[in-house]
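S.K.: Below you will find the structure I want to go over with you.
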Amino acid sequence: MEERRWSASIDNQIEVSSLAKRRKVDEQETESLREILGLMDDEKMPIENGGLEMERWDDGRARKVRNVSPVAVEGGGVHRRLWVKERSKGWWKYHDSDECSDAEFRKAFRMSKATFNMICEELDSGVAKKDTMLRMAIPVRQRVAVCIYRLATGDPLRTVSSLFGLGISTCHKLVLEVCAAIKAVLMPKFLQWPGEERQREIKNTFGSISGIPNVNGSIYTTHISIIAPKTNPEAYFNKKHTSRNQKPSYSTTVQGLVDPRGVFTDICIGYPGSMTDEQILEKSALSQRASMGMLQNTWVVGNSGYPLKDWILVPYTHQNLTWSQHTFNQKIGELQNIAKDAFMRLKGRWGCLQKRTEVKLQELPMVLGACCVLHNICEINNEEMDMDLRFDLYDDEMDLAEDSKSLSVNALQARDSIAHNLLHRSS
Numbered sequence: 001m002e003e004r005r006w007s008a009s010i011d012n013q014i015e016v017s018s019l020a021k022r023r024k025v026d027e028q029e030t031e032s033l034r035e036i037l038g039l040m041d042d043e044k045m046p047i048e049n050g051g052l053e054m055e056r057w058d059d060g061r062a063r064k065v066r067n068v069s070p071v072a073v074e075g076g077g078v079h080r081r082l083w084v085k086e087r088s089k090g091w092w093k094y095h096d097s098d099e100c101s102d103a104e105f106r107k108a109f110r111m112s113k114a115t116f117n118m119i120c121e122e123l124d125s126g127v128a129k130k131d132t133m134l135r136m137a138i139p140v141r142q143r144v145a146v147c148i149y150r151l152a153t154g155d156p157l158r159t160v161s162s163l164f165g166l167g168i169s170t171c172h173k174l175v176l177e178v179c180a181a182i183k184a185v186l187m188p189k190f191l192q193w194p195g196e197e198r199q200r201e202i203k204n205t206f207g208s209i210s211g212i213p214n215v216n217g218s219i220y221t222t223h224i225s226i227i228a229p230k231t232n233p234e235a236y237f238n239k240k241h242t243s244r245n246q247k248p249s250y251s252t253t254v255q256g257l258v259d260p261r262g263v264f265t266d267i268c269i270g271y272p273g274s275m276t277d278e279q280i281l282e283k284s285a286l287s288q289r290a291s292m293g294m295l296q297n298t299w300v301v302g303n304s305g306y307p308l309k310d311w312i313l314v315p316y317t318h319q320n321l322t323w324s325q326h327t328f329n330q331k332i333g334e335l336q337n338i339a340k341d342a343f344m345r346l347k348g349r350w351g352c353l354q355k356r357t358e359v360k361l362q363e364l365p366m367v368l369g370a371c372c373v374l375h376n377i378c379e380i381n382n383e384e385m386d387m388d389l390r391f392d393l394y395d396d397e398m399d400l401a402e403d404s405k406s407l408s409v410n411a412l413q414a415r416d417s418i419a420h421n422l423l424h425r426s427s
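The UniProt record's numbering applies: residue 1 is where the sequence shown begins, and numbers increase by one.
As structure tokens, then:
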């Protein structure tokens with residue numbers, strides 16, 4: 001009897017021991033699986049050729065697994081194989097090498113290698129990540145390249161993922177992270193209100209182009225197509241887009257003031273597409289500057305979608321224009337075209353602005369702001385742009401502003417005086 005109990009006890013101990021071992025094996029496999037899934041998350045980059053490098057500790061011994069696909073996971077004598085999808089980085093490696101010509105690089109990223117290198121240097125501390133024991137961080141250059149390529153081409157994230165050898169979710173995160181860094185680091189340097197000396201240069205240049213004195217900028221507002229938002233969609237409903245597309249269309253807006261080079265000096269982003277140019281202007285920081293007296297003795301040139309004010313100069317819109325009024329409209333049209341051409345280059349250079357964006361509405365102002373900053377950098381660095389990339393802005397035509405709401409006797413007299421002087425100057 002005792003022998004049977006002893007035997008049963010041994011059997012129980014063996015069974016308990018076996019269960020404990022299996023539990024330990026399961027725990028080890030679970031932990032290993034977590035490590036592998038962490039690697040597959042791709043927030044940090046695997047080492048070259050799609051391989052993995054990680055440290056695993058088993059029974060107190062360090063074991064390094066290099067460039068393994070599939071990844072072998074061992075525990076308690078049980079052998080499992082977890083497959084990690086290899087992603088080719090050949091396209092990016094080529095474009096990041098000396099073999100890639102500047103023309104090829106410019107076609108992909110809408111800028112030269114020199115300008116791209118400058119941007120990477122400026123953003124280095126803002127986007128760099130540290131390596132961990134499990135993963136190597138994605139290099140700054142690749143992070144920036146993912147963002148700029150996505151903005152430049154507007155290609156789907158799946159395409160971007162394939163070209164750069166990164167996960168789709170990782171590419172999405174990188175675009176937002178780099179756009180945030182551009183706003184924080186580059187916007188204060190490359191998109192700012194001009195100082196007094198720069199304003200004098202701007203006024204002199206605009207004056208030499210048109211003969212109209214004291215012009216500090218040319219203003220324009222464009223629309224960016226969006227997916228209908230779940231909240232308050234009617235505010236973003238765009239009648240003109242809907243009429244042209246023959247289906248309900250929605251948009252958000254970008255108002256920009258440019259200097260004679262087409263460089264943005266002020267932007268206002270994110271107001272709904274149902275608003276007129278005049279309504280957007282009234283809510284913008286530019287209008288606040290004017291109300292605080294910061295635009296005295298200064299003109300901002302706009303199209304007929306803006307109201308005539310003491311600081312905004314717009315063309316005559318009534319019929320049967322006099323010779324002086326006709327001459328004035330021609331000259332002001334030349335300045336207005338500078339802003340319109342700048343927006344044509346903005347949308348042409350950054351293909352993500354040409355079609356309905358997939359970016360969430362709350363994240364869109366940051367992305368649009370990054371496009372404006374990158375536009376300025378390209379313009380300042382005299383980056384060439386293929387004329388075929390220029391984008392038509394036919395969807396931006398808005399209704400005429402109602403002069404009755406904002407008639408200014410001083411503005412009317414000033415415009416008539418400028419028109420008179422222009423006619424006699426040209427005669």
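Virtual Cβ for every residue (Gly too), placed ideally from N, Cα, C. Quick caveat, the model's predicted, so the values are computed rather than measured.
1) Measuring CB to CB, does Ile280 end up less than 8 Å from Gln246?
2) Using 10 angstroms around the beta-carbon of Ile267, count the other beta-carbons present and answer buried if the total reaches 16, otherwise exposed.
3) Give me the residue from Phe264, Asp388, Asn238, Trp350 with the minimum Cα distance to Pro194.
4) Rounded to the nearest angstrom, what separates Ser125 and Gln330 at their Cα positions?
5) Using a Cβ-Cβ cutoff of less than 8 Å, which residues in the same chain neighbour Lys347 once the five nearest sequence positions on both sides are dropped?
6) Quick one: what's got a C-beta closer than 6 Å to Asn421's C-beta in the same chain, skipping five residues either side?
7) Please report the distance separating the alpha-carbon of Ser408 from that of Asp310.
8) In whole angstroms, give me the CA-to-CA distance for Trp350 and Tyr236.
9) Out of curiosity, what's the CA-to-CA distance linking Gln319 and His326?
10) Any idea which residues DSSP pairs Ile224 with across the strands?
11) Alpha carbon to alpha carbon, what distance is there between Ala103 and Trp92?
12) Give me the Cα-Cα distance between Gly302 and Met292, rounded to the nearest whole angstrom.
13) Decide if Tyr94 is buried, meaning its Cβ has at least 16 other Cβ atoms within 10 Å, or exposed.
14) Would you kindly work out how many angstroms separate the C-alpha atoms of Gln308 and Glu379, rounded to a whole number?
15) Could you tell me the distance, in whole angstroms, from the CA atom of His375 to the CA atom of Thr276?
16) With DSSP as the reference, label Ile212 as helix, strand or coil.
17) Is DSSP giving Phe237 helix, strand or coil here?
18) With DSSP as the reference, please indicate the residues paired to Asp266 in a beta bridge.
19) For residue 429, which residues from the same chain have a beta carbon less than 7 Å from its beta carbon, with the 5 sequence-adjacent residues on both sides left out?
20) Are there 16 or more other CB atoms within 10 angstroms of the CB of Arg110, so buried, or fewer, so exposed?
21) Would you mind working out which of Tyr250, Ser208, Asn204, Tyr220 sits nearest Ile226, comparing C-alpha positions?
22) Can you name, in chain order, every residue of its own chain whose Cβ lies under 8 Å from the Cβ of Lys183, other than the five neighbours on each side?
23) Grab me the residues of Tyr149's own chain with a C-beta within less than 8 Å of its C-beta, minus the 5 sequence neighbours each way, in chain order.
24) By Cβ distance, which residues of its chain are closer than 6 Å to Ala342, with the 5 residues on each side in sequence left out?
25) With distances taken from CA atoms, which of Pro315, Met133, Leu151, Thr115 is nearest Glu358?
26) What residues in its chain sit with their C-beta under 7 Å from that of Lys340, if we drop five residues either side in the sequence?
M.R.: According to the structure data:
1) no
2) buried
3) Phe264
4) 48 Å
5) Thr222, Leu353, Gln354, Phe391, Leu393
6) none
7) 7 Å
8) 22 Å
9) 10 Å
10) Thr252
11) 15 Å
12) 20 Å
13) exposed
14) Checking the displayed sequence, the identity of residue 308 turns out to be Leu instead of Gln. Going from the Cα of Leu308 to the Cα of Glu379 covers about 30 Å.
15) 25 Å
16) coil
17) strand
18) Leu257
19) Given a span of 1 to 427 for the chain in the structure shown, any question on residue 429 remains unanswerable.
20) buried
21) Tyr250
22) Met366, Gly369, Ala370, Val373
23) Ala108, Phe109, Asp155, Val160, Leu163, Phe164
24) Val258, Gly262
25) Leu151
26) Tyr220, Leu393
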